[in-house]
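*Asks:*
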Amino acid sequence: MQKKKIIILGSTGSIGSQALEVIEQNLDLFDVVALVAGTRWEALAKQAIAIRPKMVAIFDAQFVGLLESALSGTGIAVLSGEGGVCEAARQPSDIVLAAMVGMSGLKPTLASLEGTRSLAIANKESVVVGGRWLLDAAHKMNVQVLPVDSEHNGLFQLLQSDQKNNIHKLILTASGGPFRGFNKEQLKHVTVEQALKHPNWSMGPKNTIDSATLFNKGLEVIEACRLFDFPSNKVEAWVHPQSFVHAVLEFKDGTQMFQISRPSMKLPIAHALSWPERYSSDVTPLNFDELSRMVFEPIDDENFPAVRMARACLKSGMGACIVYNVANECAVNAFLDRRISFLKVMTIVQEVLDKMMIPALGTIDEAMDFAEEVKVFAANAASKMF
Ligand SMILES: NC(=O)c1ccc[n+]([C@@H]2O[C@H](COP(=O)([O-])OP(=O)(O)OC[C@H]3O[C@@H](n4cnc5c(N)ncnc54)[C@H](OP(=O)(O)O)[C@@H]3O)[C@@H](O)[C@H]2O)c1
1 MQKKKIIILG STGSIGSQAL EVIEQNLDLF DVVALVAGTR WEALAKQAIA
51 IRPKMVAIFD AQFVGLLESA LSGTGIAVLS GEGGVCEAAR QPSDIVLAAM
101 VGMSGLKPTL ASLEGTRSLA IANKESVVVG GRWLLDAAHK MNVQVLPVDS
151 EHNGLFQLLQ SDQKNNIHKL ILTASGGPFR GFNKEQLKHV TVEQALKHPN
201 WSMGPKNTID SATLFNKGLE VIEACRLFDF PSNKVEAWVH PQSFVHAVLE
251 FKDGTQMFQI SRPSMKLPIA HALSWPERYS SDVTPLNFDE LSRMVFEPID
301 DENFPAVRMA RACLKSGMGA CIVYNVANEC AVNAFLDRRI SFLKVMTIVQ
351 EVLDKMMIPA LGTIDEAMDF AEEVKVFAAN AASKMF
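Heads up, the sequence shown is in this note's numbering, so the first residue is 1 and it goes up one at a time.
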C-alpha cells in the first residue's frame with residue numbers, strides 16, 4: 001500500500017500528539033511531510049527528530065533560531081510566522097490534520113486545501129468562523145472533509161449508512177463537564193484549576209474550559225449544522241456524563257442509531273486518518289456492564305446558556321456565529337489569565353452579541369476581517385470586567 005503523505009497543523013497539542021501516536025503505531029502507512037506548532041519549539045523539535053518530516057513551521061518567529069539549532073544537521077527545513085505555517089500547510093499531501101486551536105487555524109486550513117486531498121478537521125473554531133465558505137472551498141477543490149471531533153466523527157460514521165433525506169434528527173452528547181449540576185451561586189466561586197479538570201477527556205486548556213462552560217457544545221452544534229448542512233432545529237444536544245455515546249441519528253421511520261466507543265480521541269483521529277479503511281487499535285470496546293450505567297439528561301440552559309446562545313446565533317446568521325466564537329476565545333483567555341471569573345465568560349459573549357453591529361458577510365475575507373474587529377471589541381469588554 002502506498003504511504004499517505006500527512007501534514008499535522010498543531011502537532012504539539014493534545015490532538016496533534018495523539019495523532020502522532022497513531023502514526024507511530026502505523027509507521028509503514030504514513031510519510032509525514034510537515035509538522036506545525038505555535039510556540040513550543042522544544043516539543044516540536046523533539047517530534048521532528050523522532051518522526052523526520054520534510055519540514056516544520058513555528059508560528060512564533062522569535063523561536064525560529066532555537067528550532068533551527070535544535071534541528072541542524074537533520075535536513076529538516078524550518079519555516080516560521082503565519083506565512084511559514086501556511087507554506088507548510090499547502091505542501092502536496094494526501095491528508096492534513098487541522099488540529100490548531102482557535103480561529104488562528106482558519107488561514108492555514110484554507111491554505112492546506114491547495115495541496116491536499118483530504119482534510120481531517122478537529123479545529124472546530126475554523127469551521128464556525130469559516131463556515132460554509134471553508135466547506136464550499138473544500139468541495140470546489142475536491143478535498144474530502146473528515147470530521148475529527150468525536151461527536152461529528154460519530155455522526156459522519158452513522159451518516160454513511162443512509163440517505164440524508166431519511167434523517168429526522170442529529171443528536172450530539174456532552175459530558176456536562178466538571179461543573180455538571182452546579183447552580184449560579186456555586187459557579188460564582190469555581191477556579192481555573194477546577195475548570196481545567198475534565199472528568200472524562202484530556203484536552204488542551206481552551207477546549208477544556210469550553211467543556212466546562214458548555215461553549216464547546218454550542219460551537220459543536222454550529223459545527224454540525226455547517227459540516228452536515230442540517231438546520232439547527234434538527235440538531236440536538238444532550239448531557240451524557242459517561243461520554244460513551246458520542247452521536248445519535250434519528251431516522252424518519254423511528255429508528256435510532258447510536259455511535260458508541262470508549263472516550264478516547266485516538267479513535268476518531270485514527271478513523272479520520274485511516275478512512276475509508278480502519279486500523280487496529282489498542283482501545284478496548286466497552287463491555288455491557290459499563291454500557292448499563294449510561295445516563296442521559298437535558299442540558300441545564302439556565303445555568304449553562306451556551307448552547308441556547310449558539311442556537312440564537314445560528315438563527316441570526318454567520319456574523320453572530322463569528323461573534324460567538326471570537327468573543328468566547330477572548331473571554332476564555334481572560335479567564336485562563338485570571339482576569340475574569342468563570343461566569344463572566346458567558347456575560348462577555350452575551351454582551352458582545354448584544355452590543356456589536358453585525359454586518360452581512362459575503363466572503364470569507366469579510367468574515368476574517370470582521371473576526372478581527374470582534375477580537376478588539378471583546379478584548380475591550382473583557383478588560384472592563386472583573
Ligand atoms: N483535545 C481534544 O480532545 C479535542 C477534541 C475535539 C476537538 N478538539 C479541537 O481540536 C483543536 C485542538 O485542540 P487541542 O486540545 O489539541 O489544543 P491544544 O492542546 O491547545 O493544541 C493546540 C495546537 O495548536 C498549536 N497552535 C496554536 N496556535 C497556533 C498558531 N497560531 N500557529 C500554529 N500553531 C498553533 C499549538 O502549538 P503550541 O504547542 O506551540 O502552543 C498546539 O500544537 C481545537 O480546535 C479543539 O476544539 C480537541
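No residue lacks a Cβ here, since even glycine has one placed at the ideal position from N, Cα and C.
With 16 as the cutoff for other CB atoms within 10 Å, does Gln47 come out buried or exposed?
*Replies:* buried
*Asks:* Out of Pro92, Leu97, Thr173 and Ala195, which one is the CA nearest neighbour of Thr116?
*Replies:* Pro92
*Asks:* So if DSSP puts Thr173 in a beta bridge, which residue, or which two residues, is it bridged to?
*Replies:* Trp238
*Asks:* Sorry if obvious, but does the Cβ on Leu20 come closer than 8 Å to a heavy atom of ligand 3?
*Replies:* This structure lacks ligand 3; its bound ligands are ligand 1.
*Asks:* Can you tell me which of Thr191, Leu314 and Ile209 puts its alpha carbon nearest to the alpha carbon of His198?
*Replies:* Ile209
*Asks:* Return the chain-ordered list of same chain residues with a C-beta closer than 8 Å to the C-beta of Glu114, the five sequence neighbours on each side being excluded.
*Replies:* Arg90 and Met141
*Asks:* Pro276 by DSSP, collapsed to three states: which one?
*Replies:* Under the three-state reduction of DSSP, Pro276 is assigned to coil, being neither helix nor strand.
*Asks:* Between which two residues does the beta strand (DSSP E) holding Glu250 run?
*Replies:* Val245 to Phe251
*Asks:* So, Met100 versus Val129, is the Cβ gap smaller than 9 Å?
*Replies:* no
*Asks:* Write down the C-beta distance between Leu353 and Tyr324 rounded to the nearest angstrom, noting that I regard them as a contact closer than 8 Å.
*Replies:* 7 Å
*Asks:* Please confirm whether any heavy atom of ligand 1 lies closer than 8 Å to the CB of Glu82.
*Replies:* yes
*Asks:* Do you know how far the Cα of Ala367 is from the Cα of Glu373?
*Replies:* 10 Å
*Asks:* For the alpha helix (DSSP H) containing Ser118, list its first residue and its last residue.
*Replies:* Counting along the chain, Ser118 falls outside any alpha helix (DSSP H), though it belongs to the beta strand (DSSP E) covering Ser118 to Ile121.
*Asks:* Within the present structure, is the beta-carbon of Glu125 separated from the nearest heavy atom of ligand 1 by less than 8 Å?
*Replies:* yes
*Asks:* Could you pull the start and end residues of the alpha helix (DSSP H) that Asp136 belongs to?
*Replies:* Lys124 to Lys140
*Asks:* Flag this pair as touching only if the region 284-301 and the region 318-335 have three or more C-beta atom pairs under 8 Å; answer yes or no.
*Replies:* no
*Asks:* Taking just the CA atoms, how far does His271 sit from Gln160?
*Replies:* 13 Å
*Asks:* Would you mind listing the alpha helix (DSSP H) stretches within the region 150-196 that are 4+ residues and don't spill past its ends, in chain order?
*Replies:* 150-159, 184-187 and 192-195
*Asks:* Can you give me the C-alpha to C-alpha distance between Thr363 and Ser175, rounded to a whole angstrom?
*Replies:* 35 Å
*Asks:* Helix or strand or just coil, what does DSSP make of Val56?
*Replies:* For Val56, the secondary structure class from DSSP, reduced to helix, strand or coil, is strand.
*Asks:* Tell me where the beta strand (DSSP E) around Met257 begins and ends.
*Replies:* Gln256 to Ile260
*Asks:* From the DSSP output, read off the bridge partner residues of Gln144.
*Replies:* Ser118
*Asks:* Just list the residues that DSSP pairs Asp354 with in beta bridges.
*Replies:* Bridge partners of Asp354: none, in fact.
*Asks:* Leaving out five residues before and five after Ile51 in sequence, what residues of the same chain have Cβ atoms less than 6 Å from its Cβ?
*Replies:* Val32
*Asks:* Just verifying my parser: in three-state terms, what is the DSSP assignment at Asp210?
*Replies:* helix
*Asks:* DSSP on Ser80, reduced to helix/strand/coil?
*Replies:* strand
*Asks:* Our contact map puts Leu35 next to Ser11 with C-beta atoms below 8 Å; I'd like the distance itself, whole angstroms only.
*Replies:* 4 Å
*Asks:* Just to check, is the beta-carbon of Ile222 closer than 8 Å to a non-hydrogen atom of ligand 1?
*Replies:* No - ligand 1 has no heavy atom lying nearer than 8 Å to the Cβ of Ile222.
*Asks:* Could you please give me the residues that DSSP links to Lys344 through a beta bridge?
*Replies:* In the DSSP assignment, Lys344 forms no beta bridge with any residue.
*Asks:* Among the candidates Leu79, Ile358, Gly75 and Leu44, whose CA atom is the shortest distance from the CA of Ala61?
*Replies:* Leu79
*Asks:* For Glu297, name the three-state secondary structure that DSSP assigns.
*Replies:* The answer is strand: DSSP assigns Glu297 an E or B state.
*Asks:* Taking DSSP's pairing of strands, which residues face Ile217 in a bridge?
*Replies:* The residue you asked about is not Ile; residue 217 is Lys in the sequence shown. Lys217 pairs with nothing; no bridge assigned.
*Asks:* If you draw a straight line from the alpha carbon of Leu67 to that of Asn166, how long is it in whole angstroms?
*Replies:* So the two alpha carbons sit approximately 52 Å from each other.
*Asks:* Does the beta-carbon of Asp289 have 16 or more other beta-carbons within 10 angstroms, so that it is buried, or is it exposed?
*Replies:* Flag for Asp289 reads exposed.
*Asks:* I need the boundaries of the beta strand (DSSP E) containing Ala306, first residue and last residue.
*Replies:* Taken as a continuous stretch (DSSP letters only), Ala306 belongs to no beta strand (DSSP E), being part of the alpha helix (DSSP H) at Ala306 to Ser316.
*Asks:* Measuring only the C-alpha atoms, how far is Gln186 from Arg180?
*Replies:* 11 Å
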